[in-house]
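Residues in the sequence shown are numbered consecutively from -8, following this note's numbering.
We put the CB at the ideal spot given by N, CA and C, even for glycine.
Predicted, not measured: the structure shown is a model, and the values here were computed from it.
Below: the structure, in structure tokens.
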Amino acid sequence: MRGSGKTVMLSVLHDELKNGVEDRFDASIDPVGGSSGLSLVLKENRDRMLQSSGGLPGQTPENSSSGKKDPVVYQWLYSRKNALGRATEESTVFSFYDNAGEDFATTEHAMSQVYLGATSGVILLLDPFGFPANRARADDRGAWLPETGPESVLAALTTVLRAVGKVKRNKKIKQPVAVVISKIDAFFDEIPADHPLRQPSSTRPVFDEGESQTVHDHVGSMIEQWGGASLIQKLDRNYETYRLFGASALGAEPDYRAGRMNNRGLLPHRVAEPLLWLMADRGFLPKAGG
Ligand SMILES: Nc1nc2c(ncn2[C@@H]2O[C@H](COP(=O)(O)OP(=O)(O)OP(=O)(O)O)[C@@H](O)[C@H]2O)c(=O)[nH]1
Ligand SMILES: [Mg+2]
-8 MRGSGKTVML
2 SVLHDELKNG
12 VEDRFDASID
22 PVGGSSGLSL
32 VLKENRDRML
42 QSSGGLPGQT
52 PENSSSGKKD
62 PVVYQWLYSR
72 KNALGRATEE
82 STVFSFYDNA
92 GEDFATTEHA
102 MSQVYLGATS
112 GVILLLDPFG
122 FPANRARADD
132 RGAWLPETGP
142 ESVLAALTTV
152 LRAVGKVKRN
162 KKIKQPVAVV
172 ISKIDAFFDE
182 IPADHPLRQP
192 SSTRPVFDEG
202 ESQTVHDHVG
212 SMIEQWGGAS
222 LIQKLDRNYE
232 TYRLFGASAL
242 GAEPDYRAGR
252 MNNRGLLPHR
262 VAEPLLWLMA
272 DRGFLPKAGG
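Listed below in structure tokens is the structure:
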């Protein structure tokens, strides 16, 4: 989805992994191949955002017809106690593609995103300003108005996952999908201050399933109020497992027109949660509650 916040999100995620998640889960998480390719681009974005001018990244160019762009690949190393109580080193790998929004705008385009077939989980970032009820708010603040609504983006993803996974019409897609509403800072006024969605992520070394459900429920009702009930229906109909999240890479509203961050600085909010959910779902992280 054009402008949904993917590049900014991926740019800050690296620091979140290194400065919060590593300690929390006693893991080491590093890009495979070091700082090169997309990983380097993301680092440069982050450095630019941290400068006093606080410049935001520009639009990501659409995939060239010559093939897909390289993802950033992370390896997560952690130790786990085996049945004998001895610690063994284990690892898992995950990757992120920073595709341009247009790559997903239509099914035809999405079909060229062949890498989706190989995934064991997907994080889908949706722009809250794309819901019908939020268009006026976007206009007011000068935020970019997405041409493609969240439903169309989900429809394109669904078509691809069904096709590449050969999922029959009467069956649901098995891959878990984390559906993330980005830019949630712009809607903090619709969330009670003491709600977990307004609070920072937990620092406990477990994925809190109960808290995640509470966030899921609140985000679901916000989406319905924004005129997105059919998005939820689509998710229910097509996916065995999905979870709703709200996150903000910036943590405070930028000057949308000027492409400059808020002068409160970079305040990433709950950006690692979707990844942690996928990791916990695959049994790589312990769960609590729920
Ligand atoms: N309020 C708020 N706005 C954000 C946030 N992240 C991004 N934005 C706004 O959304 C714009 C687009 O963000 P990008 O990260 O470039 O979006 P993208 O999905 O990579 O866009 P394309 O590359 O064009 O597909 C930014 O320039 C900001 O105006 C956030 O956390 N909060
Ligand atoms: Mg981008």
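* To do: Please report the residue range of the beta strand (DSSP E) in which V32 lies.
  => Locating residue 32 in the sequence shown gives position 41, where the first residue counts as 1. First-last for V32: G28 to L41, but that is the alpha helix (DSSP H), not the beta strand (DSSP E).
Ligand 4 heavy atom lying under 6 Å from the CB of R(-7)
For the structure depicted, ligand 4 is absent and the ligand set comprises only ligand 1 and ligand 2.
Check your understanding: Do the region 242 to 253 and the region 182 to 193 meet, that is, are 3 or more Cβ pairs less than 8 Å apart?
Key -> no
Give me the Cα-Cα distance between V64 and F236, rounded to the nearest whole angstrom. Position 73 of the sequence shown, counting from 1, holds the residue named residue 64. Position 245 of the sequence shown, counting from 1, holds the residue named residue 236. Linking V64 to F236 through their CA atoms gives a straight-line distance of about 22 Å.
Margin query: Out of L68, R71 and L116, which one is the CA nearest neighbour of N90?
Written below: Position 99 of the sequence shown, counted from the first residue, corresponds to residue 90. Minimum Cα distance to N90 is reached at L116.
Own chain partners of V197 with C-beta closer than 6 Å, once the 5 adjacent residues on each side are dropped:
Numbered from 1 along the sequence shown, position 206 holds the residue referred to as residue 197. These residues qualify, in order along the chain: P277 and A279.
With DSSP as the reference, please indicate the residues paired to Q283 in a beta bridge. Outside the shown range of the chain (-8 to 281) lies residue 283, about which nothing can therefore be said.
*asked:* Assuming I284 is part of the beta strand (DSSP E), what are its boundary residues?
replied: The structure shown does not extend to residue 284, since the chain is modelled only from -8 to 281, so the question has no answer here.
State the beta-bridge partners of F122 as determined by DSSP.
-> Taking the first residue of the sequence shown as position 1, residue 122 is located at position 131. For F122, DSSP assigns no beta-bridge partner whatsoever.
**Member of S221, D38, K163 and L258 whose CA lies at the smallest distance from the CA of S143** = Locating residue 143 in the sequence shown gives position 152, where the first residue counts as 1. Its Cα nearest to that of S143, the residue S221 stands out among S221, D38, K163 and L258.
**Asked** Should D176 be listed as close to ligand 1, given that the test is whether its C-beta is under 6 Å from any heavy atom?
**Response** Position 185 of the sequence shown, counted from the start, is the residue given in the question as residue 176. At least one heavy atom of ligand 1 is nearer than 6 Å to the Cβ of D176, so yes.
**Asked** Cβ-heavy atom distance between H239 and ligand 1 below 6 Å?
**Response** The residue given as residue 239 occupies position 248 in the sequence shown. The amino acid at residue 239 is misidentified as His; the sequence shows Ser. Checking the Cβ of S239 against ligand 1 gives yes.
**Report entry** Backbone secondary structure at S239 - three-state DSSP
**Finding:** Stepping through the sequence shown from its first residue, residue 239 is reached at position 248. The three-state secondary structure of S239, taken from DSSP, is strand.
Could you please give the first and the last residue of the uninterrupted beta strand (DSSP E) stretch that includes I175?
-> The sequence position of residue 175 within the sequence shown is 184, counting from 1. First-last for I175: undefined, no H or E at that position.
The alpha helix (DSSP H) that contains I114, what's its start and end? Translated into positions along the sequence shown, residue 114 becomes position 123. For I114, there is no enclosing alpha helix (DSSP H); the enclosing beta strand (DSSP E) covers residues V113 to L117.
ask   = Under the rule that 16 or more other beta-carbon atoms within 10 Å means buried, what is L75, buried or exposed?
value = Here residue 75 corresponds to residue number 84 of the sequence shown, with the count starting at 1. With fewer than 16 Cβ atoms within 10 Å of its Cβ, L75 is classed as exposed.
Q. Is it a yes or a no for the region 24 to 44 touching the region 260 to 267, going by three-plus beta-carbon pairs under 8 Å?
A. no
Does DSSP put A78 in a helix, a strand or coil? Counting from 1 along the sequence shown, the entry for residue 78 is found at position 87. It is a strand residue.
Item to check | Enclosing alpha helix (DSSP H) for A220 [first to last residue] | outcome: By 1-based counting over the sequence shown, the position of residue 220 is 229. Element bounds for A220: A220 to N229.
- [ ] Measure the C-alpha to C-alpha separation of V170 and W217 and round it to an integer number of angstroms.
- [x] Taking the sequence shown and counting its residues from 1, the one referred to as residue 170 is at position 179. Taking the sequence shown and counting its residues from 1, the one referred to as residue 217 is at position 226. In a straight line, the C-alpha of V170 is about 16 Å away from that of W217.
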